[in-house]
Ligand code: NAP
């Protein structure tokens, strides 16, 4: 069967490179267009980008000429799907131009907070998919589906089994985020080597807002934000890939570590049943680590090719009447960005929402 033609916007960046990795050898998708800034336009891809992945660039793409994203309008109809990994501040205009005609799966924040836009994570809030229909009122023939901020991703996946079975009153989260989360060149080496930076601009606000939207309920044609309290502290640490998050949850009903583990098992079974047949789906959405010194970014981030959230150190918290605490690890550029976006696109194809 003919493959679905895809363009990658922001193809030279960290998340853009991960789209290239996620689509390499994909059974349904092929990349037929690469876009970046005016500075990269006209160059071969291998000359325009500093490649940061472990494997070599696919040779066909290595020689492909990068185009200027400002001029995407003229090519848009030659693609079936647009994957966008542009900086949030500049993504709105090109993504909108694309969505007039084609589905856009985005890693950026540009449209995340619009009321008719779902921040979609298949195993967490698939019912929000119906917001896509609402976007037709903008006069678009396509639509935009962004993924969450890479720090939000692991957090909402870890919270979903708790919110479903025990209810959530309050969440406190402290992150230790990888350097690659800041893109390239990102944080200067003299700032991050031997160091932790206790501030990432706008990150805490994004994670708090997105978590409540994603775990919100669809009422009629709108998402009502979840009502629990959430307080985050986000820090950058000297790790290449993989965000670690330390999470405390006050639950409505009692939830012991065993209860949480059982809820995760059920969550994984549901994931396998509904999404397990998609090419990019991991065996398990959540992997539980029982060792007391795991998860660790270097050792665990690539488990299931970076598509699982790894949870360990699950303990009762005695400060709250009903409290539980744990440490999670989530791959920020894979499930937290590009490959997570590819999984969403696969689901939309399976459901016929994106036509092959
Ligand atoms: P990055 O490494 O800085 O890459 C940025 C990309 O956008 C490059 O391809 C760059 O092209 C292009 N670009 C920059 N300024 C542009 C402009 N003015 N006009 C057109 N293109 C421009 O950033 P990143 O980390 O990949 O992040 C990309 C997006 O993904 C962001 O919205 C980010 O929030 C999101 N995201 C990133 C991660 C992560 O872990 N890195 C995770 C989740 C979401 P040139 O090479 O030509 O400059």
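Residue numbers (the numbering used here): 742 to 1097. Yeah, the Cβ is synthetic: ideal placement off N, Cα and C, and Gly gets one too.
Query	Result
CB contact flag (residue 787, residue 1073, <7 angstroms)	no
C-alpha gap between residue 785 and residue 763, whole angstroms	20 angstroms
Option nearest residue 1000 by Cα separation, candidates 1057, 910 and 965	1057
Residue 1073 Cβ short of 6 angstroms to the ligand NAP heavy atom set	yes
The ligand NAP heavy atom lying under 6 angstroms from the CB of residue 845	no
Min CB distance residue 949 to chain B below 7 angstroms	As a matter of chain content, chain B is missing from the structure shown, which is built from one protein chain.
The stretch 941 to 952 contacting the stretch 1000 to 1013, beta-carbon criterion three pairs below 8 angstroms	no
Close-in-space but distant-in-sequence residues of the same chain around residue 780 (CB under 6 angstroms, 5 per side omitted)	none
Straight-line Cα distance separating residue 983 from residue 926	17 angstroms
Spatial distance of residue 1093 from residue 978 (CA atoms)	41 angstroms
Rounded C-alpha distance that separates residue 819 from residue 746	8 angstroms
Near the ligand NAP: residue 933 beta-carbon under 6 angstroms from a heavy atom	no
Buried or exposed (CB count within 10 angstroms, at least 16 for buried), residue 866	buried
Sequence-distant residues of the same chain with beta carbon closer than 8 angstroms to residue 914, five excluded per side	896, 948, 971, 972, 973, 974, 986, 987, 988 and 989
Residue 971: first and last residue of the uninterrupted beta strand (DSSP E) it sits in	970 to 978
Within 7 angstroms, strictly: CB atoms of residue 1051 and residue 1067	no
Contact test: residue 1024 Cβ vs the ligand NAP heavy atom, cutoff 6 angstroms	no
Own chain partners of residue 921 with C-beta closer than 8 angstroms, once the 5 adjacent residues on each side are dropped	755, 793, 927, 981, 982, 1073 and 1074
Residue 809 and residue 782 closer than 7 angstroms at C-beta	yes
Continuous beta strand (DSSP E) stretch holding residue 963: start and end	963 to 965
Contact under 7 angstroms by Cβ, residue 813 with residue 835	yes
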